[in-house]
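Engineer: My questions all concern the structure below.
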Amino acid sequence: MIEASWIAGLGVILFSIGLLGAFTRKNAIVVLMCIEVMLNAANLNFVAGASHYSDVDGWVFTAIAIAIAAAEVAIGLAILLSLYSTQETISLEDANILKN
Amino acid sequence: MGGERLIDDPLSVITLVPLAVGLLLMILPRVLPESSAEGLIRVSRNISIGVALAIAAITTLLFLGQWGSIDWTNITQGGYVLQNEAVDLIPAIGVTWKVGADALSFPMIWLTAILIPISMLVEWDAKRGHLFFPLLLIMESALLGVFVALDLFVFYVFWELTLIPMFLLILLWGGEDRRYAAMKFFIYTFTASVFMLIGILVMYFHTDAITGLGSLSGHHFDLVAMTAQDNLIPSEGLRHFVWILLLIGFATKMPSVPVHTWLPDAHVQAPTAGSMLLAGVMLKMGAYGFLRISMTVFPESTIEFVPLLIFLGMVSLVYGAWVCMGQTNLKRMVAYSSVSHMGLIFLGIATMQPLGIAGALFMMFAHGIISPLLFAVAGAFKHHYHTLEIGSMRGIAHHSPWLAAHMMLGWMASLGLPLLAGFVAEVAILIAFWMTYGWLVLLPALTLIVTAAYYLNSMQRTIFESNDPDQGILPDTLHGENPSDLTWHENAGMLTLAAMTALFGIMPFIFWDMMSDWSSGIIINTMIEAMQTQEWSP
Amino acid sequence: MSDTKNEWELLVPIIPFLLVAPSLKFLAGWESVEAAFLIVVVPLLIFPAILVLGQLYNGNETWKNRYKEGGIFALGSLALSLSIAIWILYDYIVGSAHFEAHSVVDPFSWLTFDVIEQTGAQWEVSTGFTDIGVGVWIDSVTLMLLFVATFLCFLICWFSLGYMNTDKINEDSNHRFYGEFVLFAIGMFGMVLADNFLWLFIFWEIMGLCSYLLIGFYYWKDSAAYAAKKAFLTTRVGDVFLMVGLLILYDIYGSLDFAVIFDDPSTGVGGMMVESSELFWALLMLFIGAVGKSAQFPLHVWLPDAMEGPTPVSALIHAATMVNAGLYLVVRMVPFVDIHVNGVAGLENFALIVAWIGGITAFMAAAIAFVQNDIKKVLAYSTMSQLAYIFTGLGAGLLFLNIGEHHAGYFVIGASMFHLFNHAMAKGMLFMASGSVIHEVHHAHDHVRELSDKYSTNEGDDHGDFDPQDMRIMGGLAARMPVTATAMMLGSMSIIGIPLIGGFWSKEGIIAETWAACLHEEPLMFVPALLVLATAGMTGFYMTRMWLMTFAGPPKSEIVGHVHEATPWIKEPLIILSVITALGGFALALFGAVEYLGDPEYDHLSFHGILYTLEHAFLPEDTNLRLVGWTTILIAMVIGPVMASRIHGGRLIDGVEASPLVSWLVDLSSRFGSQDVSELADSQLAEALQRRLYFDDLYEITLAKTAIPLAGLSAWFDKNVIDGVIKQIESNSASGSVQVRRITTGSARDYILMAAVGMLSIFALLWGVSA
Amino acid sequence: MSSIITDMDLATTQLILPELLLLGGIIAMILVPNLGDATMRIPLTRVRIPILIGGTRFASINNPKLPNQIATTVLALAFLTSFLFLGEHGEVGNSLQVDEFSRLFTLLFTAALFLASVATTARLPARPRASVPLDTDSTTHSDAKVNALIDNRRQVDFHILLLTTGLGMSLMAMATNLFMLFVCLELASLSSYILVAFHKETDVGGEAGMKYFIVGSVVSAVGIYGMSLLYLWNGSLDMANLAASWKGMEVIDPFAAIGVGLMLVAFGFKVGAAPFHLAVPDAYAGASSPIAGVLATASKAMGFVALMRLLLVVTMPSAGQASWLLVLALVAVVTMTWGNLAALTSDNPKRVLAYSSVAHAGYMLAALAAIGSGLADSDTSALIATAVVFHLCVLVLFKMGAFLVLSMLEAEGRGHRMEDLHGLARRDPVIATSMFVFMLSLAGVPPLSGFLSKLLMINGIVNVSAGTGSASAATALSWAQGVDPVFWLAIAIVLNSALSLFYYLRIGLVMFFESPDTENPLVHSPSLKMAIIACAVLTLLFGIGPLSDSLLDMVGSAVDSFMRS
C-alpha cells in the first residue's frame, strides 16, 4: 500500500515542476501545460487525502478540479487564439503592448 | 431639524443655507430650461451677495444680542450658547450634528460672515461669476462649519471641505502657475490634517459610551463630552503623541515654519477673494483648532510642550519677517508676513497668561481684518497694474491715490501701528510674554523693526519715488497704458475693511471683553490645574 | 493766492470753532478739564473729513480758494484745541477749585483682562493686574506742553495757509497736507494729555506716522521717500525699546496709569518693593524711545534728512513739538527717581546716561552744524543740539532728585522745561522764517527763469540742481525781507542765549546746574558739563553764521535781487512769535516759571520765585558756578558770533538799506573783516563734519552688510531648503514612480516570476513567525 | 446527506432567489435570442406545434438590445430580491450558507454588474438592423451584414458572461466549504477572463486577456494546490471544521501553513495585492471600462470575501497574534505604496485607476492585519471588518463610477490617455464634476463616503494599536517606541493617502483646466449618465448623514453574522 505521504511527495515534485515551468517558459501553450501539471499535483493530493481519510469528498474534489482544468484550457486556448490573431505571437514576452 | 424650529438654531441656518444656495445656484442652471437658466445666471451674483449679507446681518444681530439675547461676555469657557439639540448624523459611530458658539468661535464666525460679502464686492467683476459667487458661498459654509461644529467628525469634515472650494478658486480663477499652487495647497494641507485625523481618532476611541450613540463602535465624536471627560487619554505618552499629531494639522494650517511653504504659492496664485479668505479666515482655523481641541482637551500636554510652541512661534515670527524682507513679489511678501504674524499667536498662547491668550485671540481677529485688506490691495494692484513685482513701478500715489491710501493703511496696520487693530493684540501678547519669559521678549519686539523695514521699503518702492510729480514710473506690463484707480466696488470693500481696522483699533473692547473672559476661563478652569500637576514654571 | 478779496473773510468758518469753548463754559457749565478730551476728539473728526472731502472735491475752485483745500477747517479745529487749552491753563493758573496738583478725568477701562501669578507652587489669578485704561491727565508739565503744542500747531497751520497754498507744486494735494497735519496734532495733543504710558505710546506712534507721511509729502522725490523711511525706521527702533520699557513697567506696577504709578513709585504691584535694578532697565528702555524720537545720539540720523518735508512740517514736527515728546517722556520719569517723595533710590546711573547722551549729542550736532550750507539743515542740527541741552539738564535734574537734592533737581528740571518752551517758540519761528526765505527765493528763481526762458530755447529744463535752501546763493536778504530777517535774528539770539532774551534764562540754568552737579555731587558729570559749555559757544557760531550767510553781505546770486517780503499769512505768525521770543521768555522767567514748571507740587506763583530765578541766573551763591555762568555768556555772546562774523560777515551792497532793527547787526558783523577759511574748509575735519561724522554711512554700510544679505539668505533658504525639501519629495516621488512602473514589464512571464517570488517570501515569513 | 435538489422547497427558493434569478437569466439569455417561429410536426399527425426554438426569429427578439435589457433587468431583480430578503438566513445544502453577509455581498456584486451592464449599452453599441446576408447582396454589403450579426451575437455572449460572473461571485459569498468557495471563484474568474479579452479585435484586448488569464490560472493552480495541502492536513475542507483544527493545533503544521500561504497567493491576486498585482493594471487597461470596473469592485470584493473567510474564520487563533499578521502587514504596506507610487506618473487613466485600486487593496489589507494583531476584542474586530466591508460597498459607487465615466469616453474610442480627459468639464460639466467627486472620494476627502470608510479603517488600526504603547511612557517619544508596530500601518495609510492625492487631483485638474481636443458632446446615453450622477450623489450621501448610517448598520449586522459563523 502506498502511503499518502508518498503521493503527496510526488505532488510536491509535480507542483514544483509546474511552477518552475510556468515562469521559465515563454510559450503560452507550454505554460498552460505547466498549469495543468500543477493542477494535477493538487489532484494527487486530493486523491491521497481521500484515501487516507477514507473521505469521499476528496474524490469529488478531484473530479471537479479536472473539470475546472478542462474549462481553463478551453478558455485559455480561445484567448490565446484571439491573441494570435491580433499579435501573431503566443509568446508571453513578445505580447507586451501593455506595460508600465 | 426634528421638532426644533430653525429660527431657534441660527448657527445651523447660517452654516447650511449658503451651502444649499451655492449648490442650487450651480446646479439649477444645468437643470432648468435654457431661458430661465439664463435668468438665474444673471442674478446669481446678486443672490449670492444677498445671502452673504443676510448672514452677516444675522451674525451681527446675534452679536448685538438682538437675536437670542445673548450676553457674550458671560459665557464661561466650556459652555456654549446657541447650542442646538443634537441631530443624529451617523449614530452608528457616534456622529451628530451639534453646533454651538462661544467667545472663541464667535468672533471668527462674525469675521467669516463679514468677509464673504466684502470679498464678493472686491471681486465683483469676476469672470464666470455665476460659478464664482456660489463657490464663495460654499466656502462660507465650510468655514462657518469649522467654527460652529462641536462634533469632531463634523469639524473634520468641514475642515477638509474648505479645501475644495479654495482648490477650485485657485484653479479656475488663479494666476499663471495656479496648477502647481492648487495642487500643493491641497496636498500639503490635506496631508497634515490627516495626521490630525489620527489624533482625533485616538481621542475618539477613548471616549466613554453615550446612550443612543455609537451603536457600532461604542464611542462618540462629541467634543463637549470629550472635554468634560476626566483624563480622556490615560497614557501620558499617548496623550503627548496625540497632541503632536493634532499640532501637525494645526501648525500647517496656521501656518508655522517649517510647514509654511504652501502658503506663499497658494496666495500668489489665488484670486483676490480667495487670498482674502485664505489669509483672513482659513489661517485662523489652525489657531482655533489648537485652542479648541489641543489646549482644552490636553492641558497637560500643552504645558509640557510650551517650549515647542515658543520655538515654533519665534521661528515663524523672526524667520518669517526676514524672509519677507527678501521677497520681491507683493503677494509673497504679504503671505510671509502672515506667517510672521501667526507666530505671534503661538507666542501668545505659550505665555499661559489669560492676557496673552486674549491677545492671541485678538490677533486672530485683527489679522483676519488686516490681511484681507492687504490682499485686496495686492489684488487690485495686480488688476490695475498687471504686475506684482515690488519696484517694477513707482509713484502709484499719483495714479491711484485710493489704492495708495489703502495700501498704506493696510501696511501700517500690519506693522502694528497703534489705534489700528493689530496693535492691541501685539501689545497684549508682548506684555504677557514679558511677564512669563522676561528678556526673551526682545526677539519678537525687535522683529517689529524688521516688519516695519520691509513694509516701508516696499512702500518707498511702489507708492513713492517717481521723480516726477505728474507721472509715475509705470511697469512694462501696462504697455504704456495709463493705469486707473480703484473701481467703486473694490474701493467699497477696502473702505469697509479699513474702517473696521480703525474701529477695532480704537474700540477693541467690542470683542476684547468676551475674548478676555474666555481666556481667563481656559486658564483658570483647565490650565492652572495642569500647571500645578506639571509643576510648570517658566 | 489768486483772489484779491479781503483775506480775512476766509477765516469766517473758524468762528464756530472758537465759540465752542465759551459756550461750553457759560451755557453748558462745563469745567475746563471736562472739555479736555475735545482737544483730541474734534481734530479726530476733522481729519478724515478733510481727506475725504479733499479727494472728492479735488480741483474744485471753491474748495481751493475758499477753504484753502481744507486748511481752513484744519485751522478751525486747531483753534478750538487752542482755546480749550487756554481755558484749562487759565483755570489752572487761577487755581480753580476743581484742580488738584494734577487731575485725572474720565478714566475708562480700555482693555480688561486677567493675569495669573505663581505664589510658591500655587498659580492664582492676580488682583493687581486688571486692565489698561484711558483718560486725561493734567498737571503743570502737561499744561506747558499742551499750550506749546496747541499754540504752535495753530500758528504754523496759519503759516501754512500762506506757504503751502501758494506753491504750484502743492496744488490739489494740500488736503493731504492738512489732513496729516491735523492727525499729527491729534497725536501730539493726545500724547500730552494721556493719563497712562500706553496711550502716551499710542499717540507717540501716531506722531511717528504723521512725521513719516509729511516728510514724504513730496512723495515723488527719491530723497523725500528715503528720508521718510529713514525717519520712521530710526524712530521705530527707539519705539520698540520704549514698548519693552512699558512691558517692564507694567510688570512692576500692574498698571500703566500715571495715577497708580506716581501714587507710590517705590511700591509695585501687590505691595512689593520696587527694585532699582529692574526699574533702571524699564527707564532705560523708555529712554531709548525718547532718544529715537528726540533725535539724540546714536539715533539722530533721521532728523537732518527729515528736512525733506515741507517747511511748516519741519517747523512744527521736527523742531517745535514732536521732537519734544522724548523730553516729555523723560520729565514724566521724575516721580520714579524723586526720593524726596516716593522715588526709588539707586538710579544715578540712569541719570548719568541721560546727561551723557545729551552732552554728546549737543556737541556733535553743533559741530556738524558748522559746515552745513542748507539753511534748514543748520536749523535741524541746531534743534538736535538744543534738545540735547534739555536732556543734559534733565539728566542733571534726575541725578539731583535721586540723591536727595530735590531743590536743585526741581530747579534744573524747571529750567529744562523752560528751555523746551523757549526753544519750541524760537525754533518754530526760525523754521517759519527760513521757510519764508526759501519760499521767496524759490519764487524769485521761478521769476528769473521765466525771464531767461524768453531768451533761451532750453526747454524742459526743470529746476535742475537749483536748491532754494542753499545759503550760498543768498546773502544780503536783510534788505529785501526785513520782517523775516528780524524774526530770524531774534530767534537766533534766543537760541544762542543772548542775555535777557528767551532762551538765555533757561540755558543759563541748565549749564549752571550741570556744573553744580559735576562739582558737588558726581564727577562723572564733568564730560556733559564741559560739552554743554563748549556747545554754548558753538551755538553762537553756527547761528550767527547762518544769519549772516543769509541776510548779510553782498548778494551771492542774481536771484536775490528778485526776492520780496512774504505774504501776510506768513508774516503774521512770525511777528507773533518774535514778540513771544523776545519778551515772553523774559516775562515767564519773571513769573518764576522755571521753578513752577519743574515742581508739580508748586502751586503758588510768588514774587520770591521771580527774584530767585533772576538771581540764580546771574549770581548763584557758589563762585565756581558764577564763573561758569559768566563764561557761558562770554563765549556764547562774544566768541562764537565774532568768529562767525570774521568769516561770513559783511555789508550789504551799496545803496541798499536794511531795516533799522537788523542793520546794526549787519554793520557790526562787517567790522570783523573777512577771514579766509578755505584751508580749514578743505580739512579732513570739515570733510568728516560734512559727512555728518560718518554715522549715516556707518549705518548704511552695516545694514547693507547685514540686513540685506540676511534677508536675501532667508529668502533663499526658504525657497531652496525648506520648500526645497518639499520639491525634493515631489521629484523623488515622481522618479520613484517611474522606477516602480518599470517593474511592470509587460511580460506575463515576469508577472508569474514575481508572483512566485512573492509566494516564497510569504513562506519565509510564515516560517519565520512559526519558528 | 441533503442536496440542493432534494431540499428545494419554497423557503430555500426564497433564500437563493437572487442566484436562481441569475441562473434563470442565463438560461433565458441562451434561449431567447433563438426563439423563432419554428414548428414541429407531431409525429404521425399533421399538427404542427410551435417549438419556438429556431426558424425565423420573432421581430421583437430581433431587437439587438434585448440581451442587454435582459441582463440589466435580471441584475436589477437580483439586486432587489437580495435587498428584500436581506435578513433571511439559512443553510442550503451543506456547503452554502445564506446570511446577511452573503446577501450583502450579493447586493454588492449585482450592483456592480448592473452598473457595468448599464454602461455597456453605450459601450457595446448594437447594430439595430441585423439580418442574414442574402445571396443577392454584394460582397461588401454582405460583410457588413455579417459584422452586424456578429456584433449582436456578441451582445448575448457578453451578457451571459456578466451573469455567470455574478452567479459565481454570489455563490462564493455563501460557500462554507473551501472547495465550494474555490469552485465558485473559478466560475467568476473564468468568466471574467473572457470578459477582459472580449475585445479581441484590438491589439490590447487579447493581450490583456492572455495576461490576466495566464497569471490568474497559475495562481489559482497554486491556490488549489494549497487547498489540497489543507485537505491532506485536515481531511475536510469545511471551514468550521478547518477552523476548529487550526485552533486546536499546538505547533503550526507545515502542511497547514504552506497551504494557507499558497491560498493567500491566490486570493492576493484576486484582490490585487503586491506583488501578485502586476497583471492587474494590464488587464484593466486592455479590458473595456465597465469590465475594469467590475474587476476593481466586484471581483476585488470577491477576493476579500475569500480572504476574510480564510484569515478571519479559518486561521484566526482564539487569542494572540495570527501567524499571518506579519505577512499581511508587509503585503499591505508594499501594496499601498506600490500602487500609489505607480499611479503617480501613469498617463493612462485606466491604469491610474487600476493602480489606485491596488492601493485601496493595500489599505483594506492593513485593516485586516489589525484584526490579526490579536489586540482587538471581538467588538473592535467587528468594527474593523465593518470598515473593510463598508469600503468595498462604497467602492462600487465611486470606483465603478469613475470607470463608467471612462466608458463614456471609450465609447468614442478614447479614454486611454490622460489627454482624453482634458477639458471634460467643458464638454460635460456634470460628468466632469461627478468624476471629480469620485476622485476626491477615492482620495478620502470628506464628506464623501471614501472618507468615511477610510476613516473607519484607520480608526480600527489606531483603535487596536494605540492602546498598546506603554501607559507609563511620559514622553511622546518613549510612547512611540513602545507602541505596537501595527500602529504604523495607520501612519502608512495616511502618508499614502497624501501621495495618492496627487494623481487624483491631477485627473480633476486636467478635466477642469486643460482645453479639450474636441468640443463634441459626449455619447448620448441617458441611462449611463443617470447612473453616473446617481453614483456621485450616493457617494456623497453615504459619506455623511442618515443614509450612511443605515448602510453602516447594514454592514455592521452583516459583519456580525459573519463573525458568528
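Protein chains in written order, with this note's numbering: chain H, 1 to 100; chain R, 101 to 638; chain L, 639 to 1409; chain F, 1410 to 1974.
Glycine included, C-beta positions come from ideal geometry on N, C-alpha and C.
Treat the numbers as computed from the prediction; the structure is a model and nothing was measured.
Identify which residue in I496/R, S144/R and F285/R has its Cα closest to the Cα of L231/R.
Structural biologist: Within the second sequence, numbered from 1, the residue matching residue 231/R stands at position 131. The option with the nearest alpha carbon to L231/R is S144/R.
Engineer: Going by CA-CA distance only, name the one from A1794/F, S1936/F, T1884/F and E1821/F that's closest to D1962/F.
Structural biologist: Residue 1962/F sits at position 553 when you count from the first residue of the fourth sequence. It is A1794/F.
Engineer: Along chain F, in chain order, which residues have C-beta atoms closer than 8 Å to that of N45/H?
Structural biologist: For the purposes of this step, residue 45/H is taken as the residue at position 45 of the first sequence. The answer, in chain order, is Y1634, S1637, L1638, Y1640 and L1641.
Engineer: How would you label R1457/F, buried or exposed, when you count the other beta carbons within 10 angstroms and need 16 or more for buried?
Structural biologist: Here residue 1457/F refers to the residue found at position 48 when the fourth sequence is read from its first residue. R1457/F comes out exposed.
Engineer: Please go through the stretch 115 to 201 of chain R and give each complete alpha helix (DSSP H) segment of 4 or more residues, from N-terminal end onward.
Structural biologist: Those alpha helix (DSSP H) runs which fall completely within the stretch 115 to 201 of chain R and span 4+ residues are 134 to 164.
Engineer: How would you call S1469/F, buried or exposed, if buried means at least 16 neighbouring beta carbons within 10 angstroms?
Structural biologist: For the purposes of this step, residue 1469/F is taken as residue 60 along the fourth sequence, with counting starting at 1. When all chains shown are included, S1469/F counts as exposed.
Engineer: Who are G1445/F's beta bridge partners in DSSP?
Structural biologist: Counted from its first residue, the fourth sequence places residue 1445/F at position 36. Answer is R1466/F, bridged to G1445/F.
Engineer: Go ahead and label L665/L buried or exposed: buried means 16 or more other beta carbons lie within 10 angstroms of its beta carbon, across all protein chains shown.
Structural biologist: Looking up residue 665/L in the third sequence gives position 27. Exposed, because fewer than 16 other Cβ atoms sit within 10 Å of the Cβ of L665/L.
Engineer: The beta strand (DSSP E) with Q760/L in it runs from where to where?
Structural biologist: Indexing the third sequence from 1 puts residue 760/L at position 122. Taken as a continuous stretch (DSSP letters only), the beta strand (DSSP E) holding Q760/L covers Q760 to V763.
Engineer: If you draw a straight line from the alpha carbon of A1692/F to that of L313/R, how long is it in whole angstroms?
Structural biologist: Counting from one through the fourth sequence, the residue named residue 1692/F turns up at place 283. Counting from one through the second sequence, the residue named residue 313/R turns up at place 213. Cα to Cα, A1692/F sits roughly 44 Å from L313/R.
Engineer: Go ahead and pull the three-state DSSP assignment for F746/L.
Structural biologist: Within the third sequence, the letter at position 108 stands for residue 746/L. In this structure, F746/L counts as strand in the three-state DSSP scheme.
Engineer: Listed in chain order, which residues of the stretch 658 to 683 of chain L have Cβ atoms closer than 8 Å to some Cβ of chain R?
Structural biologist: Cβ contacts with chain R come from no residue of the stretch 658 to 683 of chain L.
Engineer: Whose Cβ in chain L lies nearer than 8 Å to the Cβ of A63/H?
Structural biologist: One-based indexing of the first sequence puts residue 63/H at position 63. In chain order: nothing, as chain L lies at least about 27 Å away.
Engineer: Kindly provide the ranges of any alpha helix (DSSP H) runs that are 4 or more residues long and lie completely inside the stretch 703 to 735 of chain L, ordered along the chain.
Structural biologist: Correct list: 709 to 732.
Engineer: Taking just the CA atoms, how far does I710/L sit from V658/L?
Structural biologist: What you label residue 658/L is simply residue 20 of the third sequence in a count that begins at 1. What you label residue 710/L is simply residue 72 of the third sequence in a count that begins at 1. The alpha-carbon atoms of V658/L and I710/L are separated by roughly 16 Å.
Engineer: Determine the contact status of L1638/F and I1667/F, defining contact as a CB-CB distance below 8 Å.
Structural biologist: Here residue 1638/F is taken as the residue at index 229 of the fourth sequence, counted from 1. Here residue 1667/F is taken as the residue at index 258 of the fourth sequence, counted from 1. Yes. Within cutoff.
Engineer: With 8 Å set as the bound, which would you pick, yes or no: does the beta-carbon of S1375/L sit closer than that to a beta-carbon of chain F?
Structural biologist: Counting from one through the third sequence, the residue named residue 1375/L turns up at place 737. So yes, S1375/L belongs to the interface.
Engineer: So, helix, strand or coil for W618/R, using DSSP?
Structural biologist: Walking along the second sequence from the start, residue 618/R turns up at place 518. In the structure shown, W618/R sits in a helix (DSSP, three-state: H, G or I).
Engineer: Near E1616/F, which residues of its chain fall below 7 Å by C-beta distance, leaving aside the five closest residues on each side in sequence?
Structural biologist: For this step, residue 1616/F is matched to residue 207 along the fourth sequence. Counting only Cβ-Cβ distances below 7 Å, and skipping sequence neighbours, we find G1695.
Engineer: Are the CB atoms of M960/L and M1063/L nearer to each other than 8 Å?
Structural biologist: Position 322 of the third sequence, counted from the start, is the residue given in the question as residue 960/L. Position 425 of the third sequence, counted from the start, is the residue given in the question as residue 1063/L. Not a contact, by the Cβ cut-off of 8 Å.
Engineer: May I have the straight-line CA-CA distance separating L408/R from A1885/F, to the nearest angstrom?
Structural biologist: Stepping through the second sequence from its first residue, residue 408/R is reached at position 308. Stepping through the fourth sequence from its first residue, residue 1885/F is reached at position 476. One C-alpha to the other measures close to 13 Å.
Engineer: Answer with yes or no whether the minimum CB distance from G1729/F to chain H is below 8 Å.
Structural biologist: One-based indexing of the fourth sequence puts residue 1729/F at position 320. No, because no Cβ of chain H sits closer than 8 Å to the Cβ of G1729/F.
Engineer: With 7 Å as the C-beta to C-beta threshold (strictly closer), list the residues of the stretch 1918 to 1937 of chain F near chain R in chain order.
Structural biologist: Per Cβ criterion, the list reads L1918, F1921 and F1922.
Engineer: So for W668/L, helix, strand or coil by DSSP?
Structural biologist: Working through the third sequence from its first residue, we reach residue 668/L at position 30. Reduced to three states, the DSSP call for W668/L is coil.
Engineer: With distances taken from CA atoms, which of P133/R, L140/R and I114/R is nearest L124/R?
Structural biologist: Translated into the one-based positions of the second sequence, residue 124/R becomes position 24. The shortest Cα separation from L124/R among P133/R, L140/R and I114/R belongs to L140/R.
Engineer: Bridge partners of M911/L, per DSSP?
Structural biologist: Position 273 of the third sequence, counted from the start, is the residue given in the question as residue 911/L. Paired residue(s): T905/L.
Engineer: Does D1788/F pass the burial test, meaning 16 or more other C-beta atoms within 10 Å, or should it be called exposed?
Structural biologist: Within the fourth sequence, residue 1788/F is the residue found at index 379, counting from 1. That one is exposed.
Engineer: Which class does L1505/F belong to by DSSP, given the choice of helix, strand or coil?
Structural biologist: Working through the fourth sequence from its first residue, we reach residue 1505/F at position 96. The answer is strand: DSSP assigns L1505/F an E or B state.
Engineer: Should S640/L go down as buried or exposed, given a rule of 16 or more other Cβ atoms within 10 Å for buried?
Structural biologist: Reading the third sequence from its first residue, position 2 is the one you call residue 640/L. Its pLDDT being 40, under 50, S640/L is placed unreliably in this model, and the coordinates cannot settle the point.
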